[in-house]
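Enquirer: This is the structure, below, for whatever I ask next.
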Amino acid sequence: MTTTSAPSLLSIRNLTVGFWQEGGQLSPALKGISLEVPANRTVALVGESGSGKSVTAMSILQLLPAGAAYIDPHSEILLEGRNLLRESAASLRRVRGKDIAMVFQEPMSSLNPVFSVGDQIAETLMLHASLTRRAARQRVLALLAEVGLPEPEKKARAYPHQLSGGQQQRVMIAMAIACEPKLLIADEPTTALDVTIQQQILQLLADLQKKRGMSVLFITHDPGVVGEFADDVVVMRHGEIREARSRRFSAHRRMPTPRRCWRVGHHWSAARRGWR
Ligand SMILES: Nc1ncnc2c1ncn2[C@@H]1O[C@H](COP(=O)(O)OP(=O)(O)OP(=O)(O)O)[C@@H](O)[C@H]1O
Ligand SMILES: [Mg+2]
Numbered sequence: 410m411t412t413t414s415a416p417s418l419l420s421i422r423n424l425t426v427g428f429w430q431e432g433g434q435l436s437p438a439l440k441g442i443s444l445e446v447p448a449n450r451t452v453a454l455v456g457e458s459g460s461g462k463s464v465t466a467m468s469i470l471q472l473l474p475a476g477a478a479y480i481d482p483h484s485e486i487l488l489e490g491r492n493l494l495r496e497s498a499a500s501l502r503r504v505r506g507k508d509i510a511m512v513f514q515e516p517m518s519s520l521n522p523v524f525s526v527g528d529q530i531a532e533t534l535m536l537h538a539s540l541t542r543r544a545a546r547q548r549v550l551a552l553l554a555e556v557g558l559p560e561p562e563k564k565a566r567a568y569p570h571q572l573s574g575g576q577q578q579r580v581m582i583a584m585a586i587a588c589e590p591k592l593l594i595a596d597e598p599t600t601a602l603d604v605t606i607q608q609q610i611l612q613l614l615a616d617l618q619k620k621r622g623m624s625v626l627f628i629t630h631d632p633g634v635v636g637e638f639a640d641d642v643v644v645m646r647h648g649e650i651r652e653a654r655s656r657r658f659s660a661h662r663r664m665p666t667p668r669r670c671w672r673v674g675h676h677w678s679a680a681r682r683g684w685r
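Everything in the sequence shown is counted per our numbering, starting at 410 for the first residue and increasing by one.
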């Protein structure tokens, strides 16, 4: 589905994903979804719990559990025209490190508790940007300053548990942008934070998106969160795209479903006030 004429960085076409059940049946999670993330834009993927948002994100990076998930072979995930579903494991590792980065809800589950945050970001830079340790350490300080952490030298030496939840999420964002990805996927990055910190992290993501000209796929179950920040809003429900709207051009499309004429339960304006 295209909501505007902006060129697409990422095109998901007809993505169908299921999970094998104990009896051998396939339980559908994504039912042929299509969505576009244009270059230099923020797209919000919004939907209630269980609607398939994280499965979409994990499919893009192919992080779904190999034995449990089934991706229909007619599905396409095109990054600048390359179908990621056909790439080799080695090429996908490069995509994950460089082209597409991801920030999750719980920074502590992604950070290693036994290394300082500076060393963890430096490691990413040495691995994916081939920097020397000395150059990587310098770059870490610039990145920590860029994500708004005061006293970058001190913060670089800190271990994850010595930082607040908001600071940990800033570290994760620094790590994600370290290799200058074209696309940043943020899966509920603010859900675990209190409201004031949520707003600050959202503002940071918006600032970084503009400054770096990257695209952001922002995933949330809370439509109220994305109103100010997203260029395009895509609403998911039960593994289908139910509504897609570009805020920039006021284009608005409701998606047909296999059951012919399905009426959208929530307009975006109503959805912003909550799901009910
Ligand atoms: N590893 C898995 N094995 C089996 N089923 C799964 C697995 N991961 C997700 N599912 C199922 O896929 C569907 C979509 O899940 P998903 O995690 O994408 O929801 P979500 O929209 O991200 O929800 P939330 O807002 O709660 O994070 C759900 O029915 C879920 O139970
Ligand atoms: Mg999720």
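Ideal placement from N, C-alpha and C gives every residue a C-beta, glycine not left out.
Everything numeric in this text was worked out from a predicted model, so none of it was measured.
In the DSSP assignment, the alpha helix (DSSP H) including methionine 623 goes from what residue to what residue?
Expert: Unbroken run through methionine 623: none, as it is neither H nor E.
Enquirer: Give me the Cα-Cα distance between proline 416 and alanine 545, rounded to the nearest whole angstrom.
Expert: Distance between the alpha carbons of proline 416 and alanine 545: 33 Å.
Enquirer: From valine 635 to leucine 552, what does the alpha carbon distance come to, in whole angstroms?
Expert: The alpha-carbon atoms of valine 635 and leucine 552 are separated by roughly 25 Å.
Enquirer: Could you tell me which residues DSSP pairs with tyrosine 568 in its beta bridges?
Expert: Answer by DSSP bridge pairing: none, since tyrosine 568 is not bridged.
Enquirer: Could you pull out every residue in the same chain whose Cβ sits closer than 7 Å to the Cβ of valine 556, ignoring the five residues on either side in sequence?
Expert: Excluding residues within five positions, the ones whose Cβ falls inside 7 Å are Arg579, Ile582, Ala583, Leu613.
Enquirer: Cβ-heavy atom distance between lysine 591 and ligand 2 below 7 Å?
Expert: No.
Enquirer: Helix, strand or coil: which one does DSSP assign to tryptophan 429?
Expert: Three-state result, tryptophan 429: strand.
Enquirer: With three or more beta-carbon pairs closer than 8 Å as the criterion, would you say the region 461 to 470 touches the region 591 to 610?
Expert: Yes, they touch.
Enquirer: Answer yes or no: the CB of serine 539 versus the heavy atoms of ligand 2, is any distance below 7 Å?
Expert: Serine 539 Cβ: outside cutoff for every heavy atom of ligand 2.
Enquirer: What residues match up with proline 516 in a beta bridge as DSSP calls it?
Expert: None; proline 516 has no bridge partner.
Enquirer: Count the other CB atoms, across all protein chains shown, that sit within 10 Å of the CB of serine 458; report buried if there are 16 or more and exposed otherwise.
Expert: Its Cβ having fewer than 16 others within 10 Å, serine 458 is exposed.
Enquirer: Can you determine whether any heavy atom of ligand 1 sits closer than 7 Å to the C-beta of phenylalanine 513, and answer yes or no?
Expert: Checking the Cβ of phenylalanine 513 against ligand 1 gives no.
Enquirer: How about aspartate 528 and leucine 592: are their beta carbons less than 8 Å apart?
Expert: No; because the gap between Cβ atoms is not below 8 Å, this pair is not in contact.
Enquirer: Between which two residues does the beta strand (DSSP E) containing alanine 544 stretch?
Expert: Here alanine 544 belongs to no beta strand (DSSP E); instead the alpha helix (DSSP H) covers 542 to 555.
Enquirer: Specify the secondary structure class of aspartate 508 as computed by DSSP and reduced to three states.
Expert: Three-state result, aspartate 508: helix.
Enquirer: Regarding serine 518 and ligand 1, is the C-beta to nearest heavy atom distance less than 7 Å?
Expert: Every heavy atom of ligand 1 is 7 Å or more from the Cβ of serine 518, so no.
Enquirer: Rounding to the nearest angstrom, what Cα-Cα distance links aspartate 554 and glycine 433 in this structure?
Expert: Sequence check: residue 554 is alanine here, not aspartate. So the alpha carbons of these two residues sit roughly 51 Å apart.
Enquirer: Kindly provide the ranges of any beta strand (DSSP E) runs that are 3 or more residues long and lie completely inside the region 464 to 508, ordered along the chain.
Expert: Listed in chain order, they are 478 to 480, 485 to 488.
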